[in-house]
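Scroll down for the structure; my scribbles are underneath it.
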Amino acid sequence: MQRLAGGDGETDVSRAAASMGLSLTLSSNSITSLEDVMSVNQQIGSRTPFWFQLYLASKLELSIPLIKRAEATGYKALVLTVDTPMLGNRINDRQSPLILPPGLQLANIGKDYGKKSDKPTSNRTLMDARSARHAREIRRAIGDGTIGFLREHSKMKLILKGVMAPEDALLAIEYGADAIIVSNHGGRQLDCAPSTIQALPEIVAAVKGRIPVILDGGVRRGSDVFTAMALGADFVMVGRPALWGLAHNGSEGVETVINILERELSRTMSLSGAVGVHDICRASMRRSVEGRLSKI
Ligand SMILES: Cc1cc2nc3c(=O)[nH]c(=O)nc-3n(C[C@H](O)[C@H](O)[C@H](O)COP(=O)(O)O)c2cc1C
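Here the UniProt record's numbering is used: the first residue of the sequence shown is 1, the next is one more, and so on.
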């Protein structure tokens, strides 16, 4: 729903990503259609893959058309979010329910939230404890051969987003996931969840390099990127910082945020003796963020 943050929403963010050679993962819940986002990538001629984030319907078959659309449009991976069988208890959202202004709708799943602008969204309804039944259905759907099902219906890579425990990382490998994203949904789901940087080392140790380990959550400085890579992440993703850039100055604002992160990362690398990203390791970390390491 990035148009709520500013400018042309997902179009601006994808333009910035494609121009900078960065990958982008588009949410199922975007206001801009997955086709329009991909056409921005194609117009710019970026070779960096875009990925599509999938929220499963409780009946798996209902997700097939969306999966097929994403694949036909050129998305290279499905990012299956596994931490949201129901929404977390978002107190702020209870106080001011999220309502899309008239005219805006979720383009990929065709829900016209604008129509009933005096009513909270179904997301708000999902927060209701009574939707535990829905949560159970989704959990069953995810646990019930979902990876096999998705493989049957698509050739896209499959990445599981929302892994926070080594045991789950091992299950992801066992079931054939191509990569995992260590994520706590930006702290928006379980309010007692640990930070992702805390969860990362144990997960990296369990995975042992068999699949890429990606991290998101709380990356605000280039030194956060550095810390995550030093602790074994293959790369990181950012959520809110891109939205702040978007709110500040559209596509250019997003580029500014990424440029700041890149400068900060380069400086942290130089000051800790890492010539290239492959030199970032625990030893280089000792020279820069030892204090932080002791807190992890
Ligand atoms: C406003 C907002 C909307 C989000 N929507 C989704 C979503 O639709 N699907 C999803 O998998 N994660 C969603 N997330 C979580 C992000 O994908 C990501 O895990 C998180 O924002 C990373 O943390 P950061 O914002 O600190 O970088 C959302 C986060 C925010 C802040």
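Where a beta carbon is used, it is the ideal one built from N, C-alpha and C, also for glycine.
Collapsing the DSSP output to three states places Gln95 in a helix. Taking all protein chains shown into account, Glu10 has 16 or more neighbouring C-beta atoms within 10 Å of its C-beta and is therefore buried. Three or more Cβ pairs drawn from the region 48-64 and the region 20-35 lie within less than 8 Å of each other, which places the two stretches in contact. Exclusion of the five residues before and after Ala242 leaves Val13 and Val254 as the residues of its chain whose Cβ lies within less than 6 Å of its Cβ. Here the C-alpha atom of Ser223 lies approximately 36 Å from the C-alpha atom of Ile99.
Residue burial is scored here from C-beta neighbours: Arg15 has at least 16 other C-beta atoms within 10 angstroms and is therefore classed as buried.
A residue is called buried when at least 16 other Cβ atoms come within 10 angstroms of its Cβ; Val219 meets this threshold and is buried. Taking 8 Å as the cut-off, one finds at least one heavy atom of ligand 1 near enough to the beta carbon of Gln53. Contact between the region 263-276 and the region 197-213 is not established, with fewer than three Cβ pairs separated by less than 8 Å.
Sequence-distant Cβ neighbours of Val79 in its own chain, meaning closer than 6 Å and more than five residues away, are Thr25, Trp51, Gln53, Ile159 and Lys161. Ala18 and Met38 have their C-alpha atoms roughly 10 Å apart.
In this structure, Arg240 has its CB closer than 8 Å to one or more heavy atoms of ligand 1. Annotated three-state conformation of Gly162 is strand, per DSSP. Contact annotation, Phe149 with Leu60: C-beta distance approximately 5 Å; criterion of less than 8 Å satisfied.
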